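Participant:
In full-length UniProt numbering, the protein residues as written are 1 to 214.
(1) Could you give the distance in angstroms between the alpha-carbon of residue 78 and the alpha-carbon of residue 110?
(2) So if DSSP puts residue 86 in a beta bridge, which residue, or which two residues, is it bridged to?
(3) So, does the region 140 to 158 touch the region 73 to 92, judging by three or more C-beta pairs under 8 Å?
(4) Would you mind sorting residue 68 into buried or exposed? The rule is 16 or more other CB atoms within 10 Å of its CB.
(5) In whole angstroms, give me the CA-to-CA distance for residue 88 and residue 55.
(6) Does DSSP classify residue 171 as helix, strand or coil?
(7) Where do the ends of the beta strand (DSSP E) carrying residue 93 lie?
(8) Note down the Cα distance separating residue 181 from residue 190, rounded to an integer number of angstroms.
(9) Enumerate in chain order the residues of its own chain whose CB-to-CB distance from residue 70 is below 7 Å, with the five nearest sequence positions on each side excluded.
(10) Please report the distance separating the alpha-carbon of residue 23 from that of residue 137.
(11) How far does the beta strand (DSSP E) with residue 161 in it extend, from its first residue to its last?
(12) If I follow the unbroken alpha helix (DSSP H) through residue 119, where does it start and stop?
(13) So residue 177 is in the beta strand (DSSP E); what residue range does that whole segment cover?
(14) Does the separation of the CB atoms of residue 116 and residue 148 fall below 8 Å?
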């Protein structure tokens, strides 16, 4: 098992090989990891001081044994555009991990989408997840005049935005019919012509997210 860390940003877990080559731009991503599974590439918004940390473990039902780690300055990836090499594991006696990282940029020209889709078809992956071809950014601002709950009580509005099996939840705005979320979500899209987006507004329960559709 491999554990990926982006310092000051996020954390990823992976267990299988995958090659990711989505059409991204002006936003660096971690992609094309050739040894281990990353379900989706990672967007890095601020590069200075950012590091990719990879930790390798021996997966065990009871306890995962640590096998080593390595770090990479993302500034090197930005400068080199493509980094494809073996990295020596530290905090262990021996071992290396092979990573391929590519610095890509967003492409506004939709005519190139077919080119990217064809390229993705040629990518060999041992996972069921095909590479992404685009990023969908959803900006959720606010709503007005939502219906009251039973008993004429103000709802606790929350929005769920879904693309296939990926769902993002907005924050909950308590006791209001005019919520202001000001949230933003991103989805990695395999083929825009074949995927739909689903948006639901719910009234969250006081004890959790699950609630009635509005």
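By construction, the Cβ of each residue, glycine as well, lies at the ideal position given by its N, Cα and C atoms.
Keep in mind that this is a model prediction, so the values were computed, not measured.
Facilitator: Let me lay it out:
(1) Each residue's alpha carbon lies about 24 Å from the other.
(2) The beta-bridge partner set that DSSP reports for residue 86 consists of 98.
(3) They do not touch, by the three-pair rule.
(4) Buried is the call here.
(5) Linking residue 88 to residue 55 through their CA atoms gives a straight-line distance of about 11 Å.
(6) The answer is coil: DSSP assigns residue 171 none of H, G, I, E or B.
(7) In the DSSP annotation of this structure, residue 93 is not part of any beta strand (DSSP E), being labelled neither H nor E.
(8) Straight-line measurement puts the Cα of residue 190 at about 27 Å from the Cα of residue 181.
(9) If we look at residue 70 and ignore the five residues flanking it on each side, its Cβ neighbours are 54, 87, 88, 89, 90, 97.
(10) Only weak support is given to the placement of residue 23: the predicted model assigns it a pLDDT of 43, under 50, and the value that follows is read from those uncertain coordinates. So the two alpha carbons sit approximately 14 Å from each other.
(11) Going by DSSP, residue 161 is part of the beta strand (DSSP E) stretching over 157 to 163.
(12) 113 to 121 is the extent of the alpha helix (DSSP H) around residue 119.
(13) According to the DSSP assignment, residue 177 belongs to no beta strand (DSSP E), since it is labelled neither H nor E.
(14) Not closer than 8 Å, so no.
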